[in-house]
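Last residue of the sequence shown: 150 in numbering that gives the first Met the number 0, with the numbers rising by one and none dropped. Just below is one structure, and these are the notes that go with it.
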Amino acid sequence: MTFEELKPKVTDILHHENTLIDDKLLQICHLLKDNIDYYDWVGYYFRNGEKEELILGPYAGEATDHTVIPFGKGICGQVAVSNENFVVPDVNAQDNYIACSITVKSEIVVPMFVNGKNIGQIDIDSNVLDAFNEADERFLEFVNENVAKLY
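Have a look at this one:
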């Protein structure tokens, strides 16, 4: 399924009334993982109040031990500090990478903002080397801009 075909599905999930935010996010994670063949793990991390750490939110894929990530640690922790997208074509080439699975080859992390403040991010792992490009970035920015309206 193309990104353009997925956009209305994302919007539809977010507009379901009487559905908890975490359930909506879980549905989005599954939608992306199930419909984009190189998205092997899709999840959200959120800032833990005023603490400089991220807490794992809803996700689709293999279970992870990385439920708390300090700011600056790993790709997600770096995005929490930089407030910028981070595309990693080859995770093995990254010094500050937290390995989740030996099958992961590349990663993309896109921050989410509410009123200009980084509240969290979407994190996607791929078992394909150099899987992500600018189209992924723009699509994930669209997803996060719409998710941010829930907060």
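Cβ atoms here follow ideal geometry from the backbone N, Cα and C, with glycine treated the same way.
Helix, strand or coil, according to DSSP, for residue i in the structure here?
i, result
"LYS116", "strand"
"PHE131", "coil"
"LEU149", "coil"
"PHE141", "helix"
"ILE97", "coil"
"GLY56", "strand"
Around the Cβ of residue i, are there at least 16 other Cβ atoms within 10 angstroms (buried) or fewer (exposed)?
i, result
"MET0", "exposed"
"ASN114", "exposed"
"GLY56", "buried"
"GLY48", "exposed"
"ASP129", "exposed"
Taking the alpha carbon of residue i as the reference point, which residue from the options has its own alpha carbon closest?
i, options, result
"PHE70", "LEU139, PRO110, VAL90 and ILE101", "PRO110"
"VAL78", "GLU49, ASN91 and GLY119", "GLY119"
"TYR36", "TYR58, ILE101, ASN126 and GLU106", "Before going further, note that residue 36 is Asp rather than Tyr in the sequence given. With distances taken between Cα atoms, ASP36 lies closest to ASN126."
Short of 8 Å in beta carbon distance, which residues of its chain neighbour residue i, apart from the five on each side in sequence? Order them along the chain.
i, result
"VAL80", "PHE70 and GLY71"
Along the chain, where does the beta strand (DSSP E) that runs through residue i open and close?
i, result
"VAL67", "67–69"
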